[in-house]
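Structure first, then comments.
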C-alpha cells in the first residue's frame, strides 16, 4: 500500500516506523524540517520529501498520484485539512486521514465529506488519550483498557496480584469461580515474555494478563486477578493543557477533580470552562502545594503536561507523598519501559494510543479497530468477516478448525448486539466481528490473508 | 569485535550462497561447450555454496538487525572476500598463482578491466564468460543486487546502499523502498545490456562475443575476449555501438529510469551531470582528433576521429576497451585521457573516478570563492543544475577528493618504492583506482598487468577496491572510532 505521511512529529514518526515495518507498505514522509527527515531516513526504509505539506508541488514530489492513503499529522489542523482536500480534488486519493484537534471543527459533522472538506477520517490524539486515561481511571487496577465493537467488548490488561482468587490456579477454573460471567484470556506476559494461555496455564503473581470480556463482566473478572480496589473518587490532574482539560471535564461529574496548571492565564481560562473542578495555579512538582491539597488521599494522580520529564518527576513525587495510583504521559518508548517497572503505576504513550486508530485504515480486509500493545510488539484487531462458507476461509467453521498463525488468539465474536466469548465450538457466521490478539505483530500479514479470502465482497 | 563481525558474517553467508548460484552460468556454458574448465566451476560453485551454508548455520544465533556500522562492514567484507571466491576457478584452471587470480577477479568485480592474462582468445569460453559476468555483477553492485532479490536480508535503512552506490548525494530514492529502488536500477541495467547485446550481434559479432562485450560495455568493465580488445574486430559499426552504450552506462541509471518512465528525453536535459559529460567528451574527441591529425599519428582526419572517439570515450568513462595502442600517441593524448578517466563518469553510473557531480560541485565552489574576493558581502548558494547543494555536501566532497587523491599519491609512491618506473607506477595506480583498466608504459594497452611482481599486483588490487567503494567505505575500517565500542 502506498502511504504518504505529512508531518514528522511524534505521532508522524511513530506512524512511519510502524507502517514501514510492514513489508507491503511504501511510506513517504513529508516535513519542512530537513534534519528530522534525514535522521528518519537513516533509520527507516522510507522516502522523505522536504517542504510544505499543503503544497500541491510537494505532494506531487511525494508521489500523491497513485497513493492509497494520505495521513496528515502536522501540528496544524488547517494544513492537515487543506492537504487532504488538495489530494482529493487533484488526485482522488482514496483514503485521507487527518489529525484534527480542535473540537471546533470535529463537532460539526457536515464539515467533512466528499462535497465539503475531503477528510475521510479524523483523529484527535488528545481525544484518544483522554478517553484512554478516563477508562483507566474507571477501572482501577487495569494497566490498559481498550474498546472493541463500540465498547461492547473490552480488552483489559492487568497485573495479577497475590490475593486474587485465580492467582495460583489454572485458567480453566475461571468459569467455576465466576459462573455468571464469561471471559477469555488472550495473552499472558511473564517477566516480559509472552506465554501461550491454555486451560492448564497457572496464573502467577506478577503476570501481566490480557483478557477479553463483555463490558458488564469486566469488573468481576478483574476481581479474580487482584483484590478489588475501590473506584477512584479523588483525582488530581497535573497540567491544564488539551488533554488535562478534556479529562477534567469528562470526570468532573462523577469524581472530585483537582487540576494543577502552572500558567496563570491558562489556569484562569480552564477554570472558566470547567464546572466543578478545583483549578489550582501552581507547580505540580511543588511538594508543599501537593501536601496542602491532600495528595495523600488522592486515588489517582495523572501527570499530563507537555513535558514528559516533568510528568515523570511530579508523578514520582506524588507517589512518594502518598497518592494511591499515579500515571504519567510519556512520549519516549524507552522512558515508558523504564518507568513502569519503577514507582509510576501506568505510563501512557500518546503515540501508541493513536497509532492503533491509523493502523485500522491501512489493514487489508475489513479491519475496524486496531490497538497497538506492548509498545508496538503486539496487536489486537477487530475484523469483520464477509462472504459465505465457500469464499471465506473462516465462515461456517468452528473456531478450533481455523488455523491461526502462531501466537494469535481469537478471543471474542460480536454478532449484532451479542458478545460471544470464543470457545472451541463457536461457529463463525457472516458479518461477525472477530476480536483477535496477536502476541507478535509480524504475523499480522498472515492474519490479513486469512480474512481476505473474500476480497471480492469488500 | 565478535559482536560486530558475526551478525555481518551471517548476512555475508547469504550473499555467498547467491554468488554461488551465479557460477552456474559459466558452468552451463562449460557443459554445453564441453570445455575443460568444467570441473573448476563445479568445484568452485559447490565449495562456495557449502562454505556459505556452513557460515550461515554457524552464525545463525548471532542474527540481528544490522546497524550503520554493520552495513559498512558488510559491504567492505563482501568486496574484499568475494574476489577470492570468484578467483578460485581461475586459479584452479589457469596456470596462475593466487595473487593473479585475486587481481583478475577484483578487476572484474570492480569493473576495472585490467587483466593479467594473455592469449584471451584461447581461453575456454566458460572462463571468459565468468570474467565478463563478474564485471557485470559488480557494475551495479553486488550488495544492491542482493538487496533487490533478497528482501529477507534483514538490512534496513540506507546504510548499505550508500556504502556501495557511487556519488556524493545518495539520499534521493526512486521509490520509498530501498529494495524496489535496487530492483528498478537492476532492471534498467539489464534492459540496456540486452539492447547492447542485440546491437552488437547485428553489428557483426557472434553471440558469445556479443554477450561478453555487452556485459563489458554496460558495466564499463573493459574485459575483452581478445588480446587486441575491440581492435580485433576492426569494425566501425561495432565501435559505434560500443561507444554509444558506454556513454549511456556513464550516465546516472536513475536518469535512464526517469527518461524511460516519462517516455521522453526531458530527464537528460535536467541532469546537469549528463550534459557536462556529453560536453566534455564531445570537445575532447574532436580536439584530440585534430591533434592526432596535426601531429601525424593518422594520415587523415576521419581516421583520427574514429580512433580518437572510441578510445577517448572508453578510457574517459572508465571502461578500458580499446582499438589502438594509444600509448604510442604523443604523450599529451594519453595523459589527457587518463585525466578524463578521473572525472568523467556520473554518480549512480557504473563508472569510476571522483564522478562528474563532484567535479561540478568543486568548480562551482572555486568559482564562489573567487567571486567572494571581489564581493566580500555576497550571499550565493551553490547550485548545480538548478538545485541547491548544501554546504554539508560541499564539505563531504572536499574531504572525499582529498582522500581520493592522497590515496592515489600514496599508492603511486608505494609502487615507485617497489621498483616500478614512473610512468607505469603512475598510470597503473590511476587506472586501477579509477577502475579504468589499461595504463601506460609496461601496463599499456598492448601489454597487461602480468608483468608486475606479486607485491605490485596486490597494491593494484587494493587500489581497485578503494576506488570502487569510493575510499570512505574502506578507510573507515581503519579508523579507531569504527572499532571502539
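Chains as they are written, first to last, in our numbering: chain R, 1145 to 1602; chain S, 144 to 628.
Glycine residues also receive a C-beta, built at the ideal position from the N, C-alpha and C atoms.
A quick note: this is a predicted structure, and the numbers were derived from the prediction, not measured.
Integer Cβ distance of residue i from residue j, believed to fall under 8 Å
{"i": "residue 457 of chain S", "j": "residue 448 of chain S", "result": "With a Cβ gap of about 15 Å, residue 457 of chain S and residue 448 of chain S do not count as contacting."}
{"i": "residue 1308 of chain R", "j": "residue 1352 of chain R", "result": "Incorrect: roughly 13 Å between the Cβ atoms, too far for contact."}
{"i": "residue 360 of chain S", "j": "residue 339 of chain S", "result": "5 Å"}
{"i": "residue 393 of chain S", "j": "residue 460 of chain S", "result": "4 Å"}
{"i": "residue 1273 of chain R", "j": "residue 1497 of chain R", "result": "5 Å"}
{"i": "residue 1174 of chain R", "j": "residue 1197 of chain R", "result": "5 Å"}
{"i": "residue 1456 of chain R", "j": "residue 1467 of chain R", "result": "Actually they are not in contact, since the Cβ atoms of residue 1456 of chain R and residue 1467 of chain R sit about 14 Å apart, beyond 8 Å."}
{"i": "residue 1392 of chain R", "j": "residue 1381 of chain R", "result": "6 Å"}
{"i": "residue 1192 of chain R", "j": "residue 1211 of chain R", "result": "Residue 1192 of chain R to residue 1211 of chain R, Cβ: 15 Å. No contact."}
{"i": "residue 232 of chain S", "j": "residue 289 of chain S", "result": "Actually they are not in contact, since the Cβ atoms of residue 232 of chain S and residue 289 of chain S sit about 21 Å apart, beyond 8 Å."}
{"i": "residue 1281 of chain R", "j": "residue 1358 of chain R", "result": "Going by Cβ atoms, the distance from residue 1281 of chain R to residue 1358 of chain R rounds to 20 Å, so no, they are not a contact pair."}
{"i": "residue 467 of chain S", "j": "residue 374 of chain S", "result": "6 Å"}
{"i": "residue 1203 of chain R", "j": "residue 1231 of chain R", "result": "6 Å"}
{"i": "residue 1502 of chain R", "j": "residue 1244 of chain R", "result": "The pair is not a contact, with the Cβ atoms about 14 Å apart (cut-off 8 Å)."}
{"i": "residue 1390 of chain R", "j": "residue 1270 of chain R", "result": "6 Å"}
Closer than 8 Å, Cβ to Cβ, to anything on chain S: give me those residues from the stretch 1169 to 1190 of chain R, in chain order.
Within the stretch 1169 to 1190 of chain R, the qualifying residues are 1170, 1171, 1172, 1182, 1185, 1186, 1187, 1188, 1189 and 1190.
Below 8 Å, can you find three or more Cβ-Cβ pairs linking the stretch 1324 to 1333 of chain R to the stretch 1342 to 1353 of chain R?
As far as the Cβ criterion goes, the stretch 1324 to 1333 of chain R touches the stretch 1342 to 1353 of chain R, which means the pair count is three or higher.
Interface residues of the stretch 318 to 331 of chain S facing chain R [CB-CB below 7 Å]
So the close ones are 318, 319, 320 and 321.
Quick one: which unbroken beta strand (DSSP E) runs of 3-plus residues sit fully inside the stretch 1537 to 1564 of chain R? Chain order, please.
Whole beta strand (DSSP E) segments, 3+ residues: 1552 to 1559.
Would you call the stretch 401 to 420 of chain S and the stretch 488 to 502 of chain S in contact, with 3 or more CB pairs under 8 Å?
Segments in contact, yes.
Counting pairs of Cβ atoms below 8 Å between the stretch 1582 to 1596 of chain R and the stretch 1504 to 1513 of chain R, do you hit three or more?
Enough Cβ pairs lie closer than 8 Å, so yes.
Below 8 Å, can you find three or more Cβ-Cβ pairs linking the stretch 164 to 172 of chain S to the stretch 187 to 202 of chain S?
Using a Cβ-Cβ distance cut-off of 8 Å, the stretch 164 to 172 of chain S and the stretch 187 to 202 of chain S are in contact, since at least three pairs of beta carbons, one from each stretch, lie closer than that value.
If contact is defined by three or more beta carbon pairs under 8 Å, each pair taking one atom from either stretch, is the stretch 1570 to 1587 of chain R in contact with the stretch 148 to 161 of chain S?
No, because fewer than three Cβ pairs between the stretch 148 to 161 of chain S and the stretch 1570 to 1587 of chain R fall closer than 8 Å, the two stretches do not touch.
Sufficient close CB pairs (3 or more, under 8 Å) joining the stretch 235 to 252 of chain S to the stretch 599 to 608 of chain S
As far as the Cβ criterion goes, the stretch 235 to 252 of chain S touches the stretch 599 to 608 of chain S, which means the pair count is three or higher.
Is the number of C-beta pairs between the stretch 381 to 399 of chain S and the stretch 332 to 348 of chain S that are closer than 8 Å three or more?
Below 8 Å, enough C-beta pairs join the stretch 381 to 399 of chain S and the stretch 332 to 348 of chain S to call them touching: three or more.
Using 8 Å as the threshold, is the stretch 607 to 622 of chain S in touch with the stretch 543 to 555 of chain S, meaning 3 or more CB pairs across them?
As far as the Cβ criterion goes, the stretch 607 to 622 of chain S touches the stretch 543 to 555 of chain S, which means the pair count is three or higher.
Residue ranges of each beta strand (DSSP E) run of no fewer than 3 residues wholly in the stretch 1209 to 1266 of chain R, ordered along the chain?
Those beta strand (DSSP E) runs which fall completely within the stretch 1209 to 1266 of chain R and span 3+ residues are 1213 to 1216 and 1239 to 1243.
Three Cβ pairs or more, each shorter than 8 Å: is that satisfied between the stretch 549 to 568 of chain S and the stretch 434 to 451 of chain S?
Segments in contact, no.
Counting only runs that start and end within the stretch 158 to 198 of chain S, where is the alpha helix (DSSP H) found for 4 or more residues in a row?
Along the length of the stretch 158 to 198 of chain S, whole alpha helix (DSSP H) runs at least 4 residues long occupy 167 to 176, reported in chain order.
What are the start and end residues of each continuous alpha helix (DSSP H) run of 4 or more residues lying completely inside the stretch 1421 to 1494 of chain R, in chain order?
The stretch 1421 to 1494 of chain R contains these whole alpha helix (DSSP H) runs: 1431 to 1436, 1452 to 1464 and 1477 to 1484.
Which complete beta strand (DSSP E) runs does the stretch 1381 to 1409 of chain R hold, if anything under 3 residues is left out?
If we require 3 residues or more, the beta strand (DSSP E) runs fully inside the stretch 1381 to 1409 of chain R come out as 1400 to 1405.
Hey, is the stretch 1434 to 1447 of chain R in contact with the stretch 1459 to 1476 of chain R, meaning 3+ C-beta pairs nearer than 8 Å?
The stretch 1434 to 1447 of chain R is in contact with the stretch 1459 to 1476 of chain R.
Run through the stretch 1326 to 1387 of chain R for me and flag every whole alpha helix (DSSP H) of 4 or more residues, listed as ranges in chain order.
Runs of the alpha helix (DSSP H) inside the stretch 1326 to 1387 of chain R: 1362 to 1369.
Meets three-Cβ-pair contact criterion under 8 Å: the stretch 1578 to 1587 of chain R and the stretch 1542 to 1555 of chain R:
Between the stretch 1578 to 1587 of chain R and the stretch 1542 to 1555 of chain R, the count of C-beta pairs closer than 8 Å reaches three or more; the two stretches touch.
Using 8 Å as the cut-off, can you tell me whether the stretch 1488 to 1497 of chain R makes contact with the stretch 1516 to 1530 of chain R, which would need three or more C-beta pairs spanning the two stretches below that distance?
A contact between stretches requires three or more CB pairs, one per stretch, nearer than 8 Å, and the stretch 1488 to 1497 of chain R meets this requirement with the stretch 1516 to 1530 of chain R.
Could you tell me whether the stretch 569 to 581 of chain S touches the stretch 251 to 268 of chain S, using the rule of 3 or more Cβ pairs below 8 Å?
A contact exists between the stretch 569 to 581 of chain S and the stretch 251 to 268 of chain S.
Sequence ranges, alpha helix (DSSP H) only - wholly within the stretch 572 to 601 of chain S, length at least 4:
Assignment of alpha helix (DSSP H) within the stretch 572 to 601 of chain S, counting only whole runs of 4 or more residues, yields no such run.
Segment contact flag, the stretch 1249 to 1267 of chain R with the stretch 1221 to 1230 of chain R, C-beta cutoff 8 Å, min 3 pairs:
As far as the Cβ criterion goes, the stretch 1249 to 1267 of chain R touches the stretch 1221 to 1230 of chain R, which means the pair count is three or higher.
Give a yes or no on contact between the stretch 1304 to 1323 of chain R and the stretch 1539 to 1551 of chain R, applying the rule of three or more CB pairs nearer than 8 Å.
By the Cβ rule, the stretch 1304 to 1323 of chain R does not count as touching the stretch 1539 to 1551 of chain R, because fewer than three pairs are nearer than 8 Å.
Quick check for students: name the residue ranges of the alpha helix (DSSP H) that lie wholly in the stretch 379 to 444 of chain S, counting only runs of 4 or more.
Runs of the alpha helix (DSSP H) inside the stretch 379 to 444 of chain S: 379 to 392, 396 to 405, 409 to 413 and 415 to 437.
Counting pairs of Cβ atoms below 8 Å between the stretch 427 to 434 of chain S and the stretch 520 to 529 of chain S, do you hit three or more?
The stretch 427 to 434 of chain S makes no contact with the stretch 520 to 529 of chain S: fewer than 3 CB pairs, one atom from each, lie closer than 8 Å.
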